[in-house]
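Worksheet: one structure, shown below.
Chains as they are written, first to last, in my numbering: chain A, 1 to 252; chain B, 253 to 504; chain C, 505 to 756; chain D, 757 to 1008; chain E, 1009 to 1260; chain F, 1261 to 1512.
In structure tokens:
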């Protein structure tokens, strides 16, 4: 089976590392295809960037020219999963939800350790909407920006471990979730240091997507995620010649 | 003061009727400017369309060439308000939240009557995120599509009244909220028929926006809605020549 | 339009300062009338005093000899708003709810800074009942008694700022609500010191009351706030000659 | 021990029947004293009447000339218990809370059957504040006014049984709570007809009050229910000559 | 009346002290019978031990050869109460729920002080299921193992008082619940030291059981706690000769 | 890898069909071992039976003589998963939680269709404890007893489909969960009839268990699910000669 793993930012090297994490856990026979949006921010750290990413991921996934069996949206705490579910017939798994869901099989409470403080409310909101917040002990910020994770991996590990330990001792978390797609691959180091299971969202989402495909389950189309009604949509897909022309034309 | 009232779909006549509702309640001295997005669906009735509208509204508002004092986002149950709050220093008021907030001053419980059944979960989710759901008795669908509201206003009133009465008698609502920007202006007819106060989101949002401006209050910039960090954003604003070029270039 | 702004305690100077705050934000053409209860405590700092104030405010408002368009109940966290809604046909706005409602348009979470620690549970309870607690980060006590706010305004500002900063840094509040009618007028100083929007309940309530009147909206009379059923009520209104006589008569 | 059982309305015959129910379950050696407020409505069926009752019960209880060991407030869904707790050192038990608390020992979910529809939100609110709502399946109105319970006991039983059966079959209640002090004494008939345990609030509250006294437990005075701070309270107690004089004096 | 007070562990001396606490508060005419399970752990400090205790208590209670009027399950935070309710027609009162229920009549919020940190989530879960968690400020561990309470009572009091004071000052608890059957009898010392009411679950449960019996109330048999359906149950009761034989037979 | 799939009742044919469902979805290389408890009820339909099953499953799993990589507890809504997690180092997956967790990736809300009405509260309680109830639209009973599912599969399908359709149309479920281990294998028929995705707990749990093993994740041992403390446990394991002897000895 083929699973598209969609990065939410335009940084190709991050797509690579996310895809590598996905491949490390994928079953034999699963092909992982990393997808990078063609527009948007080089890292998502706020609502504007996240909303733009939502559309950019829909654009990139629906433009993918080959068939595929499932999609993993690899941005932690980002918008857009519901839109993809409407546009596609195959399962869509968001790493925020996949990681929380996995963590809940491992301990009484889990905490998320993410990047910047400003990302915390976005993650809290996504977990609340997903109905996966009841056993979330806390969402903590390591203070590392997304792109710093790649540039300074050692400092990143220190910063994440430090918050993970606070989550365990102060917030009573028993499991740590890595709250950024860019943290994929750091789980083992952090587990050793924090002494509790550490869940990586990308790995979790890939195994869940594989399982859904194996069980022949996909998004319910009966109501919330039914395909969009037929209607006039100006400027979509965004890479159509029409859009480009129209957007230029409408410039003041 | 000048308030931008942003429609979320590309149907200009709907922008007109929304702006008319806004003007009907605006204080003397308030200028209402209706804004229509340059791309997106001609009506928003699902997540894909709503996410696209979120970006389209941000594009339209940030492209507006004159100064303004507040923005009203006039889509009921739609995404995007948080992004606008990051991009702007002036207050942003979403009609979903404005209407709920207003309804709570008028009765013990309120119900929303919206368009299609598929819109119900979006509205429920937005109210939950806004923390305004505790006194929401129900969100009910009238079965009218957004554009049908304009085309068949009499049937629309019948359908909305019918659900409003069910909300009052079965769900114990004491106030009805009109759950679509396109219902602006129907409040008085429905109030007479349903026998309870009927709240229009556009009117509510305009008065709240005016009040915030008058009290010199605007979005807190300390955390969640801080301005986006400086970074590379490909293809934004979407109407830049660069975007058009880049999008065409990346076409398969 | 005329708005009655009802103080909940018997301290006339506090009524004056509340009315002044109300006037500072009222629209041209709005007349603000400050009302002082004829019985009750000189400050409300607990349940007994608050229940007595509830009745005293109802007594004072229903005794007001001229017509009026709306009532603002200017006690933070106090009882009684529901009773006024039954007795009146015009809108009734409680400052506790008005301030919370306003704060929610300005940031992801808000905190209330009030007077004494013993007032905290009353405020928490009123916010819970109003369904406005989901985004309340904390209710914090400054340790200042109500009457000390007037006597020692500088110390009050210091104490409030100090708790406001704790709310922002520890509880992740992004907006501060002033949790006492007696703090009206301190908002600007505290905003400058705390670096986040500061919401004054009296100002918020006045603008909401004006908006409701302008939208021709008032309390739903269909169920919870229907007028009291016709029945024998001994000793009401409390200023009737009958009451005085009857109460004396029944003295042991 | 002596327990004051305070009716919330001014109807003496209702005080009698409440006291009789209390005596039927009281332990040997417990003296039950029925208390009737000196002012207020002849039945409490809304917020205004309930707030007035809150003060009237405080007035009556604090005027009681002999020592007592506990107080039962015998109005279902009424205001005021918190004020009594501040004014007294002995335990105060509200029948709304006593009945809910008792019902939870008897089945997975309970429903309340009360008098008029307009009383339902008051009861829901009191249960929510008390934190006893999580296992409440529903609050249902029998349509009987409070005073009709006495006048037409047979019709009352029919109406209550009918709603009790709906609660059991439709709302999945396993226990029925009688939601009005005036229903005291009807429990046995209703239990036989509905086939589930039926809890009377007055009986429950009396046994709880006795138990608290026997365990030497009373209201915590550390924070919420500390005695009122020493301050000027005009017109209290309401039966003082001063009040009468003052109230007359302030008449327009 | 006769009340069985079932210890959840196999330590007979603890059964004795629990029964003594029960007798200290029981009404004249109430016979308290302490019951010790015939199998299970000598103290319950985790889920495995608690589940085993659930069955051991059912085994012991259903084997009790004389009639009885009520059962108190005297393990704090333990499993099993629901099973007993199915097997018996008389009321069953769990001390976890009895204590929480009692504490809620005494203050705005209560905290539980228990033994080991690992017991905290069990207690939190039982309170959540019982719907008695809304006013629980915290569950705190004293760090004392169950059997250490008996061995080192002075150190136990110190450790409990220390957490009780933290609960009052930091978590805003106004009442302390002793979170272990083995703490029965320590309430008075802790109350004096902590300055707030201290609730013992065993005493609370006994008075509630007595009250239910006096009011002729018992478990609703209509749904959740209906008697088990007639069916083949291998190896039950566990003390049957058959079980012993069968279990030996199936040994590898 | 080897996964133990533990039936909760003593009916061997049900263990067979559960194991068959597990094998149908297991990855190549996964060995599924069906486990039948040696004591307990031939079907679990209430709390007593469920608590007995909890212990019987722990007894059976810990007696299993070969190594294994994960355990699936295949009783829907049953007790005991937490105990197994303490006793084992390998992952434990409960089908109630696995199915809910899976369903949440497929639609906005899900409903469970189970056997008898009396099982509904058990399932609701397990979902609440697991924090997986926020998006559960309803738990509905088909009226089929557990053993009838095997005896009358056609009637079972009709009864389940009928409730599934009610869940979709009345409760707004978008996904159906089969709420009994004995329903394993019926998913495809029901999906075709109900028109929405149908989730089987056994299949879900097996894929989740495989994924956890593949990701090298297991139960956190830091707090709630730490191994039991070393202590005297009488009569455990239940198949020890000692238990048999001891239990006989203690017989009256």
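The C-beta atom is built at its ideal place from N, Cα and C for all residues, glycine as well.
Could you check where the alpha helix (DSSP H) with residue i kicks off and where it finishes?
| i | result |
| --- | --- |
| residue 1447 of chain F | 1447 to 1454 |
| residue 201 of chain A | 201 to 214 |
| residue 336 of chain B | 333 to 339 |
| residue 59 of chain A | 47 to 63 |
| residue 1107 of chain E | 1103 to 1111 |
| residue 594 of chain C | From DSSP, residue 594 of chain C is part of no alpha helix (DSSP H); its letter is neither H nor E. |
| residue 403 of chain B | 398 to 403 |
From the options, pick the residue whose C-alpha is nearest to that of residue i; which is it?
| i | options | result |
| --- | --- | --- |
| residue 668 of chain C | C:585, C:682 and C:532 | C:682 |
| residue 1033 of chain E | E:1244, E:1238 and E:1212 | E:1212 |
| residue 894 of chain D | D:926, D:951, D:964 and D:861 | D:926 |
Can you tell me whether DSSP reads residue i as helix, strand or coil?
| i | result |
| --- | --- |
| residue 1273 of chain F | helix |
| residue 733 of chain C | coil |
| residue 761 of chain D | strand |
| residue 879 of chain D | helix |
| residue 1291 of chain F | strand |
| residue 891 of chain D | coil |
| residue 927 of chain D | coil |
| residue 1400 of chain F | strand |
| residue 486 of chain B | strand |
| residue 544 of chain C | strand |
Should residue i be counted as a contact of the ligand NAD given a C-beta to heavy atom distance under 7 Å?
| i | result |
| --- | --- |
| residue 1160 of chain E | As presented, the structure is devoid of all ligands, the ligand NAD included, so that no description of it is given. |
If we cut at 8 Å on Cβ distances, does residue i have a partner in chain B?
| i | result |
| --- | --- |
| residue 68 of chain A | no |
| residue 135 of chain A | no |
| residue 729 of chain C | yes |
Is there a C-beta anywhere in chain F that falls below 8 Å from the one on residue i?
| i | result |
| --- | --- |
| residue 108 of chain A | yes |
| residue 373 of chain B | yes |
| residue 93 of chain A | yes |
| residue 124 of chain A | no |
| residue 101 of chain A | yes |
| residue 1140 of chain E | no |
Compare the C-beta of residue i against all C-beta atoms of chain E and say whether one is closer than 8 Å.
| i | result |
| --- | --- |
| residue 1008 of chain D | In this predicted model, residue 1008 of chain D has a pLDDT of only 43, less than 50, meaning its place in the structure is not dependable; the value taken from the coordinates is given anyway. False, the Cβ-Cβ gap to chain E never drops below 8 Å. |
| residue 741 of chain C | no |
| residue 1273 of chain F | no |
List the endpoints of the continuous beta strand (DSSP E) containing residue i.
| i | result |
| --- | --- |
| residue 614 of chain C | 614 to 618 |
| residue 1482 of chain F | First-last for residue 1482 of chain F: undefined, no H or E at that position. |
| residue 1078 of chain E | 1078 to 1081 |
Does the beta carbon of residue i come closer than 8 Å to any beta carbon on chain D?
| i | result |
| --- | --- |
| residue 1013 of chain E | no |
| residue 1239 of chain E | no |
Is there a Cβ from chain A that is less than 8 Å from the Cβ of residue i?
| i | result |
| --- | --- |
| residue 1314 of chain F | no |
Using a Cβ-Cβ cut-off of 8 Å, state whether residue i counts as contacting chain C.
| i | result |
| --- | --- |
| residue 277 of chain B | yes |
| residue 474 of chain B | yes |
Closer than 8 Å, CB to CB, is residue i near chain H or not?
| i | result |
| --- | --- |
| residue 1404 of chain F | Here the protein chains are A, B, C, D, E and F, and chain H is not one of them. |
Using a Cβ cut-off of 9 Å, which residues of the stretch 452 to 469 of chain B contact any Cβ in chain A, in chain order?
none
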